[in-house]
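Structure, as structure tokens:
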Amino acid sequence: MTGLFLYLSKLSLFSFRNHTEKNISFSSGVTVIWGQNGSGKTSILEAITVLSMGKSFKTHKQKTIIKKGKNGFIVKGVFLSKNKKEQIAIQNTKQNKQLIKINGKTITNRKELIGKNNVVVLSPEDQKTTKGGPKERRLFFDRLFSVINIEYLNTLQRYNRILKQRNAWLSSFYKTKQNEVLENQWDKLLVDVGVKLWDLKNQHFFEFKKELVRVIKEYNDNINIDLFFSEDALTKEEFEKKTKKNIKRDIVLKRTTAGPHKDNINILLYDKDIRDVGSQGEHKIVLTLLKLTEMNIIKKKTGTQPTLLLDDLFSKLDLNKSKKLVAFLNKMESSLGEPIQTIITTTDLVNIKKSGLLLSDKKINTYKLETNCNTLLAQ
Numbered sequence: 589m590t591g592l593f594l595y596l597s598k599l600s601l602f603s604f605r606n607h608t609e610k611n612i613s614f615s616s617g618v619t620v621i622w623g624q625n626g627s628g629k630t631s632i633l634e635a636i637t638v639l640s641m642g643k644s645f646k647t648h649k650q651k652t653i654i655k656k657g658k659n660g661f662i663v664k665g666v667f668l669s670k671n672k673k674e675q676i677a678i679q680n681t682k683q684n685k686q687l688i689k690i691n692g693k694t695i696t697n698r699k700e701l702i703g704k705n706n707v708v709v710l711s712p713e714d715q716k717t718t719k720g721g722p723k724e725r726r727l728f729f730d731r732l733f734s735v736i737n738i739e740y741l742n743t744l745q746r747y748n749r750i751l752k753q754r755n756a757w758l759s760s761f762y763k764t765k766q767n768e769v770l771e772n773q774w775d776k777l778l779v780d781v782g783v784k785l786w787d788l789k790n791q792h793f794f795e796f797k798k799e800l801v802r803v804i805k806e807y808n809d810n811i812n813i814d815l816f817f818s819e820d821a822l823t824k825e826e827f828e829k830k831t832k833k834n835i836k837r838d839i840v841l842k843r844t845t846a847g848p849h850k851d852n853i854n855i856l857l858y859d860k861d862i863r864d865v866g867s868q869g870e871h872k873i874v875l876t877l878l879k880l881t882e883m884n885i886i887k888k889k890t891g892t893q894p895t896l897l898l899d900d901l902f903s904k905l906d907l908n909k910s911k912k913l914v915a916f917l918n919k920m921e922s923s924l925g926e927p928i929q930t931i932i933t934t935t936d937l938v939n940i941k942k943s944g945l946l947l948s949d950k951k952i953n954t955y956k957l958e959t960n961c962n963t964l965l966a967q
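For any residue, its number in the working numbering is found by taking its place in the sequence shown, counting from 1, and adding 588.
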């Protein structure tokens with residue numbers, strides 16, 4: 589991938605959530621945004637992810653982000669690398685129309701945003717990755733693999749289009765005269781693209797597992813975590829047989845019951861499903877380790893360090909885990925020889941101070957966000 593940016597320098601919001609208008613500048617290091625609940629701290633992180641992915645990490649309904657009484661929202665970002673300045677602007681309307689501009693030029697496909705300014709988000713919403721069903725973990729890995737490999741993204745999108753068309757055919761099976769012809773058409777496409785998607789997924793999945801082992805060791809946490817597919821990816825011949833075997837069931841259910849869209853990636857804690865045995869604290873630390881691994885993988889594959897967004901994390905982790913996280917990030921920065929842009933939200937600075945973050949040698953920017961105020965007050 590090309591055109592990757594180093595860090596977010598400036599963010600501007602208009603009619604975004606409870607923010608009428610807001611501007612904030614960031615350094616390439618750490619920025620802490622603090623304020624009361626309801627002051628719009630998380631919305632700032634949400635806006636940053638909109639610039640990165642073209643959509644929110646909190647909701648798929650983009651129109652719900654628009655401030656009440658307004659017709660749309662606008663998010664603008666300025667990104668700086670060592671030798672260039674880039675600008676991204678995204679506008680969404682109540683009619684779900686989206687306009688994306690990069691350096692003033694309109695782009696027609698949101699896919700062109702992927703890889704421009706990568707972010708890794710760690711927020712309460714992400715707890716679904718370890719606590720939720722298979723769909724949540726598929727989403728986690730699909731997003732990551734799409735960022736690091738454009739071929740994966742293209743294959744995933746093509747597979748989803750074929751899946752949607754096959755399901756539509758299944759829903760109208762008894763109304764269609766050329767059932768056998770259409771069955772062969774959609775089944776062949778599903779198998780060909782599905783097997784390719786599995787191949788790419790397996791490749792990146794095992795790379796992720798290998799990096800996770802390294803991160804756990806570096807993090808210095810005595811915890812036993814493993815990841816595995818509950819059902820191995822099928823060969824082309826196996827997938828063809830399973831698709832034919834399931835056809836009657838698929839017609840009755842009006843949906844495709846086999847394929848990469850049904851993958852279940854299990855997270856094991858001490859050889860047992862974390863959803864069955866994990867405590868609240870264990871879920872938090874496992875999620876943190878997954879996100880740190882995600883960050884490392886993006887760096888290795890794209891050559892650019894993603895921005896790390898931590899939403900009220902230091903109030904969720906105990907003091908020992910918070911200190912380990914800060915030590916890990918400091919160690920990463922030392923090995924990279926460059927800062928990791930980190931943007932943190934919190935209700936107060938007490939937990940941040942206890943973690944040791946504000947006691948390090950690096951310069952920390954802190955901003956207090958006042959409720960119902962459209963400015964951030966630098967501290």
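From the three backbone atoms N, C-alpha and C, an ideal C-beta is built for every residue, glycine too.
Going by the beta-carbon positions, is the gap between residue i and residue j smaller than 8 Å?
i       : j       : result
Lys-599 : Lys-670 : Here residue 599 turns out to be Leu, not Lys, going by the sequence shown. The answer is no: Cβ separation not under 8 Å.
Phe-916 : Leu-880 : yes
Tyr-807 : Val-781 : no
Ile-676 : Ile-690 : yes
Thr-844 : Leu-785 : no
Gly-665 : Leu-596 : yes
Thr-630 : Asn-953 : no
Phe-661 : Phe-604 : yes
Rounded to the nearest angstrom, what separates residue i and residue j at their Cα positions?
i       : j       : result
Lys-673 : Asn-706 : 16 Å
Ser-910 : Thr-696 : 42 Å
Leu-875 : Phe-761 : 43 Å
Glu-634 : Ile-612 : 14 Å
Pro-927 : Ser-616 : 6 Å
Leu-937 : Leu-841 : 53 Å
Glu-609 : Thr-930 : 23 Å
Thr-718 : Thr-823 : 28 Å
Lys-833 : Ile-839 : 12 Å
Asn-790 : Tyr-740 : 11 Å
Asn-606 : Lys-656 : 8 Å
Tell me the DSSP secondary structure of residue i in three-state form.
i       : result
Ser-759 : helix
Asp-775 : helix
Gly-626 : coil
Phe-982 : Since the displayed the chain opens at 589 and closes at 967, residue 982 lies outside it and no answer follows.
Asp-838 : helix
Ser-943 : helix
Leu-596 : strand
Exposed or buried, which one is residue i when buried takes at least 16 other CB atoms within 10 Å?
i       : result
Arg-837 : exposed
Asn-852 : exposed
Pro-894 : buried
Ala-846 : buried
Tyr-858 : exposed
Asp-714 : buried
Thr-694 : exposed
Gln-650 : buried
Lys-941 : exposed
Leu-601 : buried
Val-803 : buried
Locate the alpha helix (DSSP H) running through residue i, then write down its first and last residues.
i       : result
His-871 : 868-890
Glu-825 : 824-833
Phe-923 : In the sequence as presented, Phe is not what sits at residue 923; that position holds Ser. Run containing Ser-923: 907-924, per the alpha helix (DSSP H) assignment.
Asp-899 : Run containing Asp-899: none in the alpha helix (DSSP H); it sits in the beta strand (DSSP E), 895-899.
Gly-647 : Note that residue 647 corresponds to Thr in the displayed sequence, not to Gly. Run containing Thr-647: none; DSSP gives neither H nor E here.
How would you write the range of the beta strand (DSSP E) that residue i sits in, first residue to last?
i       : result
Asp-814 : 813-817
Ile-636 : No beta strand (DSSP E) contains Ile-636, which is instead part of the alpha helix (DSSP H) from 629-641.
Leu-732 : Per DSSP, Leu-732 belongs to no beta strand (DSSP E); it is in the alpha helix (DSSP H), 722-736.
Lys-956 : 952-957
Lys-664 : 660-668
Ser-613 : 607-613
Quick check: does the Cβ of residue i come within less than 7 Å of any heavy atom belonging to the ligand MN?
i       : result
Val-783 : As presented, the structure is devoid of all ligands, the ligand MN included, so that no description of it is given.
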